[in-house]
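K.L.:
Structure in C-alpha cells, see below.
Protein chains: 2
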Amino acid sequence: MFPIATIKQIAKQCGVSTATVSKVFNGYSDVGEQTARAVREAAESLGYFPNAAARALKTSRAYNLGVLYIDQMQHEFFSQILESFKRQAERQGYDITFISRNIGGRLMSYLDHCRYRGCDGMLITCVDFTDPLVSALAGSGIPIVSIDHVFGNSSSVLSDNVTGMQELVTHLYERGHRKIAYIRGENYDVTHRRMAGFHRACRSLKFNVPAMYLVQAGYQNPEKSAAATRQLLELDDRPTCILYPDDFSYIGGLNELERAGLRVPLDISAAGYDGTHLSQVMRPRLTTVKQDTAAIGSTAAELLIRAIENPETDVPEQVIVSGHLLLGETVSAI
Amino acid sequence: MFPIATIKQIAKQCGVSTATVSKVFNGYSDVGEQTARAVREAAESLGYFPNAAARALKTSRAYNLGVLYIDQMQHEFFSQILESFKRQAERQGYDITFISRNIGGRLMSYLDHCRYRGCDGMLITCVDFTDPLVSALAGSGIPIVSIDHVFGNSSSVLSDNVTGMQELVTHLYERGHRKIAYIRGENYDVTHRRMAGFHRACRSLKFNVPAMYLVQAGYQNPEKSAAATRQLLELDDRPTCILYPDDFSYIGGLNELERAGLRVPLDISAAGYDGTHLSQVMRPRLTTVKQDTAAIGSTAAELLIRAIENPETDVPEQVIVSGHLLLGETVSAI
DNA sequence: AATTATTACGAAAACGTTTTAGCTCGCATT
DNA sequence: AATGCGAGCTAAAACGTTTTCGTAATAATT
Chain E
21 MFPIATIKQI AKQCGVSTAT VSKVFNGYSD VGEQTARAVR EAAESLGYFP NAAARALKTS
81 RAYNLGVLYI DQMQHEFFSQ ILESFKRQAE RQGYDITFIS RNIGGRLMSY LDHCRYRGCD
141 GMLITCVDFT DPLVSALAGS GIPIVSIDHV FGNSSSVLSD NVTGMQELVT HLYERGHRKI
201 AYIRGENYDV THRRMAGFHR ACRSLKFNVP AMYLVQAGYQ NPEKSAAATR QLLELDDRPT
261 CILYPDDFSY IGGLNELERA GLRVPLDISA AGYDGTHLSQ VMRPRLTTVK QDTAAIGSTA
321 AELLIRAIEN PETDVPEQVI VSGHLLLGET VSAI
Chain C
21 MFPIATIKQI AKQCGVSTAT VSKVFNGYSD VGEQTARAVR EAAESLGYFP NAAARALKTS
81 RAYNLGVLYI DQMQHEFFSQ ILESFKRQAE RQGYDITFIS RNIGGRLMSY LDHCRYRGCD
141 GMLITCVDFT DPLVSALAGS GIPIVSIDHV FGNSSSVLSD NVTGMQELVT HLYERGHRKI
201 AYIRGENYDV THRRMAGFHR ACRSLKFNVP AMYLVQAGYQ NPEKSAAATR QLLELDDRPT
261 CILYPDDFSY IGGLNELERA GLRVPLDISA AGYDGTHLSQ VMRPRLTTVK QDTAAIGSTA
321 AELLIRAIEN PETDVPEQVI VSGHLLLGET VSAI
C-alpha cells in the first residue's frame, strides 16, 4: 500500500528514539513536555497511525471483539443488537469481527478462528448454545459475554422475557381476556423464560390455561405460526387472544385468521413480541413487547470490554434489560 | 491467553528450522515430502494456527476486508448483502471489519481507519457517495468495490434497477394500467436508474405519465410514502397503480390507501421493490421486484478479492446483477 | 572425474511496535 | 566532596511470522 508513516520516521524527525515516541502515544509519564509536543506534531504532519498488526503482535491485544451468531443477520432483533454493540465497541476503541467455522475453505472451530484473529473477547448470541463448539469457546478462558443465555463463568445480558411476558398477559387480563393462547418458539432459553412469565402471570391472576392453548411453532417463521393458528382455530373452545412468538410470526398467523374470516381485533385479539419497526407501522398497530435492543447491545459491549480490560478484578455479571409493552390496536376489550 | 502453539515449537519438535515450517504452510515446493508430513502432524497435535497479527505485519496482508456503510444494518436489503458478502469472503479466507469514523473516541477518516486496521480492500455501500471522505477512500489506491454506485477506477456491482423497473412497468401495462404513479426515493444513483427504467418503459410502450404522478419520498420510510400517497389520492385524475420505492414504504402507503377506503388490489393497484421476506408473507402478496442480494453480495466479495490478489493484472469491472419480478396479488387487471 | 543442476534445508533479517532495564545529567541532600 | 535521587531518555530484546539468499548433499550430465 502507500507509504504509511511509522514510529521510526517520527523518531528520526524529532531526533529521539522510537521508545520515546511510543511512550508519548501510550501515556507514559517519563517523557518531557516539549519532546511530547514535538512528537505529536510530527505524527500529525506525517499522518501517522499506529500499525494495528504490530501492536497486536507485541501486546497480544488486538482491540478486536469477535461476534458469533448463526445466520440470522436479517432478523431485526439481531441486527439492531449488533448495530448497537458495534457502536459502543467503536466508542471504546474496539473493532468487531465475525467468527465462523470455515475460513479459507478449511473448517476450524470457533475457538481456533477466534484465536487466529486474536480477538480480545467474544460476543455470543443467537446460536445453538448446546453446540459443543460453542461450549468449548465459552469455556476457553477468553472473555465472553452472551445474550439471552447464561454461561458458567462469564457475563451475560438478558432481555427481561419473564417480566415482559407477565406484563403482556396482565394487560390482556385487564382487557377481559381469559382464554389466552400462546404460540411459542423453539426450545431455547428465551422460550422457557417467556413460558415461565406466562405461567406466573396466569397463576397470580388466578386463571387457568388449558394445555391445548400452548402450541409450539418457531421464531421468525410465519408458516409455522400459521399452522399453529389453524390448530387453535379448530378447537371447540377457541381462545379470545393469541400470543405469537414474535412480530414476524404474527403476520403468518394473521393471514390464517383472515382466511378464517376473523378480523383483528374485532373477532379475535392477538399480540406479538419484539416491537419491530414493522409492528408499529402496520395497521392495526400490533400490541407487542418491545425489547430494548439498543440497551442490550451496548451493555453487552460494555460488559465485555470491562472483562477484557480488568482480567483479574472483573467479576461476571448478569444484566437484565427490561423491555416495555407497546400498546397497539390488536387487543380488544371484552 | 492460553499458550498457543507457534511455528517455533513445531520447528523444535520436528528438528527443523522455522523457515521450513513456514514453507510447509505456505505451499513452497522446496521442502521434502516426509518433512512436510511431520510438520503437518506436529501442527495438528499442537493445535497450531498461524498468528494473524504476525502474518499481517510481515506480509502487510491482513486477510481482512473492510465494510463501509451508514447505519442501515436493519434494512433487509443491506443485511442480506452483507451476509452473503461475508460468506463468500470467509470461503476465500477473509474476515470482515466494519469501518467507521470514531474509534476510541478519536475521530478519524475512513481511510485512516482502514489503514489502521490494515484492510486489504473495502466494500463501500449504502453511504453518501458525495461525502469527500468516501471519495478520499475510493481514490486512495486501496482496492475498492462499490455496490449500486460506480467509482472511477474500481469495480462495482449494480443491481439491475433499469431493467427491473422496466419489467415492472411492462407488467403493469400488460394488465391494462396506463395511469401509473411512481413514488421514488431520495436522489441516489439507484433512484436515477429506476427513473430511467420507468421512463424508458413508458416511452417504448407509448404512454405518457403526467408529472404529478412522480413524487419524491424516501427509502424505507413509511411516513413519507404515506404522505406521498395522500398527495396522489388528492389528484383529480387518480392513478390506477402506485409504485413504491421499496416494500417497507409500501406498508405506509397501504395504510393511507385503506384509510381512504380503497382496497388493494380491488380499488387500486400497488407494487413495491426489493422482494423482502415480508412482502411475500403478507396478504395480499406484494407484486415487487426481487433484487438478488445473495448474488450481489457474493459477487462483490469475489471482485474485491480478485482485485486484491492480482493488483497489477486485474481490471475493474462493472457487474450487473439482474433481479426478477415477483408476481403478487396487488396488481389487478383492468 | 569434473562439472552442473536439483533438491532440501537453514540463517538471518525484517515487519512496526512495546517494554524493561539501564544510563546520564543535574540537583538536592548529607 | 561524596552520595542519592528523580527526570528524561535510549538500547535492545521481543512478539510470530515470511522470505531472500546461501549452502550442502545428492543426482545428472558431460
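The listed protein sequences correspond, in order, to chains E and C. Numbers in the numbering used here are just positions in the first sequence, counted from 1, shifted up by 20. Numbers in the numbering used here are just positions in the second sequence, counted from 1, shifted up by 20. All residues carry an ideal CB built from backbone N, CA and C; glycine is no exception.
L347 (chain C) to R283 (chain E), Cα distance in whole Å?
P.N.:
26 Å
K.L.:
Which residues in chain E sit within 7 Å of R137 (chain C), going by Cβ to Cβ distance?
P.N.:
A72, D115
K.L.:
So for V284 (chain E), helix, strand or coil by DSSP?
P.N.:
coil
K.L.:
What is the rounded straight-line gap between the Cα of I123 (chain C) and the Cα of V189 (chain E)?
P.N.:
43 Å
K.L.:
Anyone know if the C-beta pair for H133 (chain C) and I119 (chain C) falls short of 8 Å?
P.N.:
yes
K.L.:
Comparing C-alpha positions only, which one of E:E329, E:G343, E:P336, E:G317 sits nearest to Q108 (chain E)?
P.N.:
E:G317
K.L.:
Counting only Cβ pairs nearer than 9 Å, list the residues of chain C close to I271 (chain E).
P.N.:
The answer, in chain order, is L298, V301, M302, R303.
K.L.:
Just to confirm, is the Cβ distance from A290 (chain C) to I262 (chain C) under 8 Å?
P.N.:
Cβ distance < 8 Å, so A290 (chain C) and I262 (chain C) count as in contact.
K.L.:
Check whether the segment 80 to 88 of chain C and the segment 43 to 59 of chain C are in contact - that is, three or more C-beta pairs closer than 8 Å.
P.N.:
no
K.L.:
Just to confirm the assignment, what range does the alpha helix (DSSP H) spanning K226 (chain E) have?
P.N.:
For K226 (chain E), no alpha helix (DSSP H) encloses it, and the DSSP letter there is neither H nor E.
K.L.:
With 16 other CB atoms within 10 Å as the buried threshold, where does K28 (chain E) fall?
P.N.:
exposed
K.L.:
Does the beta carbon of T26 (chain C) sit closer than 8 Å to a beta carbon anywhere in chain E?
P.N.:
No Cβ of chain E is located within less than 8 Å of the beta carbon of T26 (chain C).
K.L.:
Say whether chain E places a C-beta atom closer than 8 Å to the C-beta of E110 (chain C).
P.N.:
yes
K.L.:
Got a sec: is the Cβ-Cβ distance from G125 (chain E) to anything in chain C below 8 Å?
P.N.:
yes
K.L.:
So A76 (chain C) contacts chain E; which residues on that side make the cut at Cβ distance below 7 Å?
P.N.:
Result: A73.
K.L.:
Only counting the same chain, and skipping five residues up and downstream in sequence, which positions put a Cβ closer than 7 Å to that of A246 (chain E)?
P.N.:
Here the set comprises G272, G273, N275, E276.
K.L.:
Is G343 (chain C) closer than 8 Å to Q311 (chain C) when the C-beta atoms are compared?
P.N.:
yes
K.L.:
Could you please tell me which residues of the segment 229 to 262 of chain C, in chain order, have their CB closer than 7 Å to any CB of chain E?
P.N.:
Across the segment 229 to 262 of chain C, CB contacts with chain E closer than 7 Å involve P242, in sequence order along the chain.
K.L.:
Name the chain E residues whose beta carbon is nearer than 7 Å to that of N330 (chain C)?
P.N.:
Going along chain E, no residue has its Cβ under 7 Å from N330 (chain C), so there is no contact; the nearest lies around 15 Å.
K.L.:
CA-CA distance, P336 (chain C) and A321 (chain C)?
P.N.:
13 Å
K.L.:
Here's the rule I'm using: 16 or more other beta-carbon atoms within 10 Å means buried, otherwise exposed. How should S99 (chain C) be labelled?
P.N.:
buried
K.L.:
At 4 residues or longer, and completely inside the segment 267 to 321 of chain E: list those alpha helix (DSSP H) runs for me, N to C.
P.N.:
DSSP runs (the alpha helix (DSSP H)) wholly in the segment 267 to 321 of chain E: 267 to 279, 297 to 301.
K.L.:
Suppose contacts are defined by Cβ-Cβ distances below 8 Å. Is C139 (chain E) in contact with Y89 (chain E) by that definition?
P.N.:
no
K.L.:
Quick one: list the residues of chain E neighbouring F218 (chain C), beta-carbon separation under 9 Å, in chain order.
P.N.:
Within chain E, no residue comes near F218 (chain C); the closest Cβ sits about 25 Å away, beyond 9 Å.
K.L.:
Keeping to the same chain, check which residues put their C-beta closer than 6 Å to that of V87 (chain C); ignore five residues upstream and five downstream.
P.N.:
By the criterion of a C-beta distance shorter than 6 Å, V87 (chain C) is surrounded in its chain by I116, F118, L143, once the five residues flanking it on both sides are discounted.
K.L.:
From I203 (chain C) to K244 (chain C), what does the alpha carbon distance come to, in whole angstroms?
P.N.:
10 Å
K.L.:
When Cβ atoms are compared, which residues of the segment 52 to 65 of chain E fall closer than 9 Å to chain C?
P.N.:
none
K.L.:
Consult DSSP for D132 (chain C) and reduce its assignment to one of helix, strand or coil.
P.N.:
helix
K.L.:
Pick helix, strand or coil for D209 (chain E), following the three-state DSSP scheme.
P.N.:
helix
K.L.:
For I354 (chain C), which residues does DSSP report across the bridge?
P.N.:
None, per the DSSP bridge assignment.
K.L.:
Distance check for A76 (chain C) and L85 (chain C), CA to CA, integer angstroms please.
P.N.:
13 Å
K.L.:
Does A280 (chain C) come within less than 8 Å of chain E when only Cβ atoms are used?
P.N.:
no
K.L.:
Can you confirm whether S120 (chain C), when its beta carbon is compared against all beta carbons of chain E, has any partner nearer than 8 Å?
P.N.:
yes
K.L.:
Taking 8 Å as the threshold (beta carbon to beta carbon), is S179 (chain E) in contact with chain C?
P.N.:
By this cut-off, S179 (chain E) is not an interface position.
K.L.:
Beta-carbon separation of V170 (chain C) and Q338 (chain C) under 8 Å?
P.N.:
yes
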